[in-house]
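Going by the UniProt record's numbering, the letters in the sequence shown line up with residues 1 to 1043, in that order.
The beta-carbon is built from N, C-alpha and C at its ideal position, and this holds for glycine as well.
All figures in this text were calculated on a predicted structure; none of them were measured in a lab.
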Amino acid sequence: MSAPDRDDTSRGRHLAAVREINDVHTDYPREATVHELFARQAEHTPDAPAMVRGDRRLTYRELREDVERLSDRLVAEGVRPGDVVAVVLPRSIECVTAVLGVLSAGAAYLPLDPDYPERRLTQTLTDAGVRLAITDERHRASLDDLVESPAVVDVHDLPEPTGAARAVRVGPDDPAYVIYTSGSTGAPKGVVVSHRGQVRLVREGDPRLRLSSRDVLLATTNPTFDVSCFEMFAALLNGACLVLAEVDALLAADSLAEVLRAEHVTVMWLSAGLFHQMAMVRPAMFAGLRTLIAGGDALSPEAVRRVLAEDPPGALLNGYGPTENASLSTVHVITELAPDARTVPIGTPVANSTAYVLTADGELADAGESGELWVGGDGVALEYLGRPKATEDHFVPDPFTPDASGRLYRTGDLARWREDGVLEFLGRRDRQVKVRGYRIELDEIEAHLTGHDDVREAAAVASHEGDRESLIAWVTAVDDADVGELPGELRDYLRDRLPEYMVPRPILVRSSLPLVDSGKLDRRRLLREARERAEADGADGADPRTPVEKTTAEVWSEAVGVESIGRDTDFFALGGNSLQATRVAAACRARFALDPAHSRFLIRVLLDNPTLGAFAARVASLIEDPGQDTAEDAVDFEAEARLDPDRRFPSAQEPPATGRLVFLTGSTGFLGTYLLDALLDEGVAEKVVCLVRAPNEHRGRRRLAARMRRYGLDPTRLDERVTIVLGDLKRPRFGLDEAAFDALSESVDTILHAGSQVNFAYPYAALRESNVGGTRTVLDLASRGTAKILHYVSTIAVIAGFGVSGVDRVEEDEPLRFGDRISLGYPESKWVAERLVAQAARQGLATAVYRPYEITGTTDEGIWNTDTMMCALFRSFAETGLAPDIPLPLDFVPVDYTARAIVHILARRAAWGHAYNIANPRDARLGSLVERLRAMGYPIRTVSYDEWVSYMADLTARDPDQPMAPFMPMFLESAHDADISVKEMYFAGTFPDFGRANLDEALADSGATCPPVDADLLDMYLRYFVSSGFLRPPDHPDRPRAH
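Below, the structure is given as structure tokens:
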């Protein structure tokens, strides 16, 4: 590490600012030792309670007497300053007595759990050079059997005091204790900490951590964890009472709450794991505490919010610090947390300590710049016991202080300074892994998972088995979450926030996450469990037999992250979804050298034949006869769009008063969320009834709130005007019984049907149930009770068939035709649904139809739903450096503009019988996007359409995780009865012109203006993609290089 360039003006200013943050010195007794301060305290408050364990209570006088007897015994046994004495005892009064006895004898104590495996005990005792161990009668025999040395002393076998220990002299820089790290990255190392390291924390130290004789501190940590030192000494060096509870009482919320109440506890430390568990179950249990410190691992923002929202403690602190810096390095007093915060700050250095964030070349990181966290001050450990090379590597001279003896410890943690001088923890440096060539921050995945409303805790690891690499995640769910649906929801949730290669497969749900003794996550156990579970879940039926079956099993395994797959395994039962189905099709096409035009056929085969054996048999048939007829079965769209001619709708000479009592479908979608927000504007809807898929109403409301937060809206607007109806568009009557369906019909006067299943890879048959069947159910609802008006959200793609049929222009109210020429399942299903609505209008129903073009990010911040094909194009161009030279319109209608336009018409205009083409009057072409990407610094080369399609077909076959993979069938397959691809149907010159006179007239008095698709709009969108992590910046070291 090198010191920064002191001549650099900006660096000099930044160093001054960091020095000011680190200027937190207090006048503490820095020349005193721990046992000296305890002796003074015992003399000052001899009759005060020192420790409590159940019915047993010990005063400071009694504790001091026991400590003196033990220290005299140790001196008589030959213990000398500099020796290491093992304390092999569970958390108990005897353990605390032994610790103080060892210190009073001038030695350093080494805490060891008596339940450790014999091999680990032996290795640690030998490595530390322990000459004597203290234990109790229960554990003495087993300890005697381990090794001939050390000698073993029974903590209960104490002679009368001789005063021998009083002559022992040690200083504040001498070792106080040795604690062995977990050894997750190698052999455990003994960290040697001085007396001063703890004294600087617990006596006249940081005001945020100070205790007094009025405090009662509950000890919760295992003695082998370094925070136990802080617990003991913070209490006993300040005259406070130390409470020792049974381990079982600390692990259940009810029993822990009872301990806090019965013992009048005022101060407590909880490991992050225990804090998360307690906060989610009983967040108000900490109300009686003066101070609650949580730490040892990254805190969950959701858990913190729960505690703050209930009856919080007097002070809630996030405590950060490695063992190598004496328990605590920084502390943050948490008073509030932003709704979108994915991390909890770790604050500022504790008194008499320092913190620096350094870049890889040893320079001070600027505010907002990530780097490795280095900590210094009086708490820095002395060494790694017996490991001079490791000590030299991790403990270095402090170049930022004039004190020649100052040292820094490199934590291996990543952090950054906020502009307000507060530190944010970003994860472990060694938690950065590479999977399939991508550099991945596991902590970033965990932070996003814990940001989901249904997740309490999360853990992610990278699994490397032979040549197979995968990401695996585990979560614990909130009480009312639908755990069956949660993994799929989380995958979709992550895809909106992370690159596809960072989405774990599988995501597993547990009732709780396992912890090691220190209270941190036991990641090794999780990894073992995931491997075992994956093998068990996948082993359905006989093993794959044929070469095609074996290769297909490999493809499935890569797609869903399950190791063992049998011939009877169902792809969708494994958790496979539509996106993974497109990956399977692309991978099979590549592995078996199939024609790119077979992509959608393979998806249809998988939908119809979801077991491995059946799917592989169809693939084998295609390999054997690639020229076989793979065309989709013809659909009679005219017949599909027929409504029962006898169905009648309550009618009136004028449209019913509309917009006051609204039934909204699709409220959890991108547009639907903004429609709901617009309906809740003052003067629009008196009540909005939202159809939501959820296990209960509370969960449904939370799902709506989560979607609003996700898209930058205010979830507090979900007031008493919003009612939840639990249902599913796919099910008859939405899954409601007859009485509930009739009651719903009577409770609304307006239906805004915006819900649908959007998937550009699935055939019509796979979307029919949701998009056509759901619309039929909506029409059934409209036919009951009083007169209603139906507002139906369609898509501009329903007119695509006109263009390939030779029609140049389509007006808004022109009846739909050419459904058989659309050539794509999703717009085909919307065409049928819109035709059903048109027929209902002829049979008496008041209707309005809205056909938006490309729904894009908001007009103010550019917030998008990044699952769309347009977003995939943005990302593909930036990552590959290739773009096609094609006349593809960029007819962008921002989502907030679209929602306001629809709700304006719904609330203020008699819209009976009209359709509205919601399009941008000032659109652009794809070349404008390429220009703006280049302007931002992305090197992009323009090629012909055929060259680009060929390159992308090959790329997505080799790498099914590419963002364009789900959409490539549109570019590879021919349109019905036309010599162009499906996507070319939407090029300028083929896609018909269309009118928007109805829309212009309806919005004339609205004040709503659609922004032009110009440099300002495109640049805003690109900035959003970069800031949200959807796009890597052009200068990012991990951004894929241009082709």
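If I measure Cβ to Cβ from Leu713 and keep anything under 6 Å in the same chain, skipping five residues before and after, which residues do I get? Correct list, in chain order: Asp677.
Taking its Cβ as the centre, do 16 or more other Cβ atoms sit within 10 Å of residue 1045, making it buried, or is it exposed? The structure shown does not extend to residue 1045, since the chain is modelled only from 1 to 1043, so the question has no answer here.
Label Arg19 either buried or exposed according to how many other C-beta atoms from any shown protein chain fall within 10 Å of its C-beta, with 16 as the threshold for buried. The residue in question, Arg19, is exposed, as its Cβ has fewer than 16 Cβ neighbours within 10 Å.
Using CA coordinates, which residue listed in Leu574, Val692, Tyr711 is at the minimum distance from Gly735? The option with the nearest alpha carbon to Gly735 is Val692.
From which residue to which residue does the beta strand (DSSP E) around Met268 run? Under the DSSP assignment, Met268 falls in the beta strand (DSSP E) whose first and last residues are 267 to 271.
To the nearest angstrom, how far is the alpha carbon of Phe987 from that of Asp297? Distance between the alpha carbons of Phe987 and Asp297: 53 Å.
Across the region 66 to 81 and the region 200 to 213, are there enough close Cβ pairs to call them in contact, namely three or more that are closer than 8 Å? Result no; under three Cβ-Cβ pairs closer than 8 Å.
Considering only residues of the same chain and omitting the five flanking positions on each side of Thr354, which have a CB-CB separation below 6 Å? Excluding residues within five positions, the ones whose Cβ falls inside 6 Å are Asn22, Gly376, Gly377.
On the DSSP letters alone, give me the boundaries of the alpha helix (DSSP H) that His394 sits inside. In this chain, the alpha helix (DSSP H) harbouring His394 covers 388 to 394.
Under the three-state DSSP convention, the category Ser405 falls into: Ser405: coil per DSSP, three-state reduction.
Checking the sheet assignment: what are the DSSP bridge partners for Ser511? Ser511 has no beta-bridge partner at all, per DSSP.
Using a Cβ-Cβ cut-off of 6 Å (strictly less than) and excluding sequence neighbours within five positions of Ala585, which residues of its own chain qualify? Correct list, in chain order: Ser599, Leu602, Ile603.
Is it true that the CB of Pro894 sits closer than 8 Å to the CB of Thr868? No, the pair does not count as a contact, with Cβ atoms beyond the cut-off.
When burial is assigned at 16 or more other CB atoms within 10 Å of the CB, is His394 buried or exposed? His394 is buried by the Cβ-count criterion.
Take Asp467 and list the residues in its own chain whose beta-carbon comes closer than 6 Å to its own, dropping the five residues that flank it on each side. Per-residue confidence for Asp467 stands at a pLDDT of 41, beneath the threshold of 50, marking its modelled position as unreliable; the derived number appears in the next sentence. Closer than 6 Å at the Cβ level, and outside the excluded window around Asp467, lies no residue.
Proximity of Gly666 and Ala754 at Cβ, strictly below 8 Å: Taking C-beta atoms as the reference points, Gly666 and Ala754 count as a pair closer than 8 Å.
Comparing alpha-carbon positions, which option in Ala48, Ala133, Arg73 lies nearest Leu89? Nearest C-alpha to Leu89 among Ala48, Ala133, Arg73: Ala133.
Euclidean distance between Cα positions of Gly538 and Val560: Per-residue confidence for Gly538 stands at a pLDDT of 44, beneath the threshold of 50, marking its modelled position as unreliable; the derived number appears in the next sentence. Val560 has its alpha-carbon roughly 10 Å from the corresponding atom of Gly538.
Under 8 Å between C-beta atoms of Ala473 and Ile445: Closer than 8 Å, so yes.
Sub-8 Å separation of Ala48 and Ser213 beta-carbons: Cβ distance < 8 Å, so Ala48 and Ser213 count as in contact.
Count the other CB atoms, across all protein chains shown, that sit within 10 Å of the CB of Ala86; report buried if there are 16 or more and exposed otherwise. If you draw a 10 Å sphere on the C-beta of Ala86, you find 16 or more other C-beta atoms in it, and that means buried.
Which residue or residues does DSSP assign as beta-bridge partners of Val259? The secondary-structure analysis by DSSP pairs Val259 with nothing; it has no beta-bridge partner.
Taking DSSP as the reference, what is the three-state secondary structure of Cys690? Under the three-state reduction of DSSP output, Cys690 falls in the strand class.
If you scan the region 987 to 1031 from start to end, which runs of the alpha helix (DSSP H) of 4 or more residues do you find wholly inside it? Segments of the alpha helix (DSSP H) lying fully in the region 987 to 1031: 997 to 1002, 1015 to 1027.
Near Met278, what residues of its chain come up, given a Cβ to Cβ distance below 6 Å and the 5 sequence neighbours on each side ignored? Cβ neighbours of Met278 beyond the five flanking positions: Ala253.
Under a three-way DSSP split, which group does Val202 fall into? DSSP places Val202 in helix when its eight states are reduced to three.
Taking the alpha carbon of Ala761 as the reference point, which residue from Asp808, Pro966, Gly862, Asp780 has its own alpha carbon closest? From the listed residues Asp808, Pro966, Gly862, Asp780, the smallest Cα separation to Ala761 is found for Pro966.
Taking three-plus beta-carbon pairs below 8 Å as touching, is the region 255 to 263 in contact with the region 222 to 236? Contact between the region 255 to 263 and the region 222 to 236 is absent, because fewer than three Cβ pairs lie under 8 Å.
From the DSSP output, in three-state form, read off Pro117 for me. In the structure shown, Pro117 falls within a coil segment according to DSSP collapsed to helix, strand and coil.
DSSP three-state label for Val192, please. Of the three classes helix, strand and coil, the one that applies to Val192 here is strand, per DSSP.
Using a Cβ-Cβ cut-off of 6 Å (strictly less than) and excluding sequence neighbours within five positions of Arg6, which residues of its own chain qualify? At Arg6 the pLDDT is 39, less than 50, meaning the model places this residue with poor confidence and gives no usable figure here.
Whole alpha helix (DSSP H) runs in the region 710 to 793 with 4 or more residues, listed along the chain? Taking 4 residues as the minimum length, the alpha helix (DSSP H) runs contained wholly in the region 710 to 793 are 738 to 747, 764 to 767, 774 to 782, in order along the chain.
For Gly386, count the other beta carbons within 10 Å of its own beta carbon; 16 or more makes it buried, fewer makes it exposed. Which is it? That one is exposed.
Using only alpha-carbon positions, find the residue among Gly101, Arg528, Leu680, Leu37 that is nearest to Glu65. Taking only the C-alpha atoms, the option nearest Glu65 is Gly101.
Going by the beta-carbon positions, is the gap between Val265 and Leu218 smaller than 8 Å? The answer is yes: Cβ separation under 8 Å.
Report, in whole angstroms, the separation of the C-beta atoms of Pro172 and Glu31, which I expect to be a contact under 8 Å. Rounded, the Cβ-Cβ distance is 6 Å, consistent with contact.
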